[in-house]
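Q: Below you'll find the structure I mean.
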Amino acid sequence: MVKQAGQAEKRSVSHKSQPVRLYQKATFTGFKRGQRDQHEQQALLAIEGCKDRASSKFYHGKRVAYIWKAKNSKTASNFKCRWGKVISSHGNNGMVRAKFAKNLTPRSFGATLRVMLYPNKSI
2 MVKQAGQAEK
12 RSVSHKSQPV
22 RLYQKATFTG
32 FKRGQRDQHE
42 QQALLAIEGC
52 KDRASSKFYH
62 GKRVAYIWKA
72 KNSKTASNFK
82 CRWGKVISSH
92 GNNGMVRAKF
102 AKNLTPRSFG
112 ATLRVMLYPN
122 KSI
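In our numbering, the protein residues as written are 2 to 124.
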């Protein structure tokens, strides 16, 4: 074939994109509490982008992971993980309550957690 002047050759360019994130970030804000008592069995989480009670219902039943740096003798990695589950909404501003297999430590106040987008109940 004869190329015409000014016509560039088409090349296939592969664009590298970010991997798909299967979790939403959340912040551990404290434990469920009353005026005098604190209930460490339930952690309060503020999920990014979740601003009202209706949108927090999507996260009910989702798994939550708290990951921190520490020597892990089981897997020989430098991370440990504590798993939990979102159990209900808390208030009208999008906060949720989560229950963990072992309670979160007070040192983890303000830490970032991962709210996994599975199990998906909408399909």
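All C-beta atoms, glycine included, are put in the ideal place defined by N, C-alpha and C. Predicted model, so just to flag it, every value in this text is computed and none were measured.
For Ser74, which three-state DSSP category applies?
A: Reading the sequence shown from its first residue, position 73 is the one you call residue 74. DSSP places Ser74 in coil when its eight states are reduced to three.
Q: With distances taken Cα to Cα, identify the nearest neighbour of Lys52 among Ile68, Gly92, Val65 and Tyr119.
A: For this step, residue 52 is matched to residue 51 along the sequence shown. Cα-wise, what sits closest to Lys52 is Gly92.
Q: With distance defined between alpha-carbon atoms, name the residue in Trp84, Asn104 and Phe101 nearest to Ala66.
A: On the sequence shown, position 65 is the one that residue 66 refers to. Selected option, being the one with the closest Cα: Trp84.
Q: Report back the beta-carbon spacing between Gln19 and Glu49 to the nearest angstrom; my notes put them in contact at under 8 Å.
A: Locating residue 19 in the sequence shown gives position 18, where the first residue counts as 1. Locating residue 49 in the sequence shown gives position 48, where the first residue counts as 1. Not confirmed; about 17 Å, so no contact.
Q: Take Gln43 and list the residues in its own chain whose beta-carbon comes closer than 8 Å to its own, dropping the five residues that flank it on each side.
A: As a first step, residue 43 must be located in the sequence shown, where it is residue number 42. Cβ within range, chain order: Phe32, Lys33, Ile88, Arg98, Ala99 and Lys100.
Q: Which runs of the alpha helix (DSSP H) spanning at least 4 residues fall entirely within the stretch 20-83, listed in chain order?
A: DSSP runs (the alpha helix (DSSP H)) wholly in the stretch 20-83: 54-57.
Q: With distances taken from CA atoms, which of Met117, Met96 and Lys86 is nearest Leu105?
A: Indexing the sequence shown from 1 puts residue 105 at position 104. Comparing Cα-Cα distances from Leu105 to each of Met117, Met96 and Lys86, the minimum goes to Lys86.
Q: Roughly how many angstroms lie between the CA atoms of Asp38 and Lys17, to the nearest whole one?
A: By 1-based counting over the sequence shown, the position of residue 38 is 37. By 1-based counting over the sequence shown, the position of residue 17 is 16. If you take the alpha carbons of Asp38 and Lys17, they lie about 51 Å apart.
Q: For the beta strand (DSSP E) that contains Ala99, what are its first and last residues?
A: As a position in the sequence shown, residue 99 is number 98, starting the count at 1. Segment Met96 to Phe101, the beta strand (DSSP E) holding Ala99.
Q: Sort Lys70, Thr28, Ser90 and Tyr60 by Cα distance to Met117 and report the nearest one.
A: Along the sequence shown, one-based indexing puts residue 117 at 116. The shortest C-alpha separation from Met117 is found at Tyr60.
Q: What's the C-alpha gap between Ser109 and Asn73?
A: Numbered from its first residue, the sequence shown carries residue 109 at position 108. Numbered from its first residue, the sequence shown carries residue 73 at position 72. Looking at the two C-alpha atoms, the distance is approximately 18 Å.
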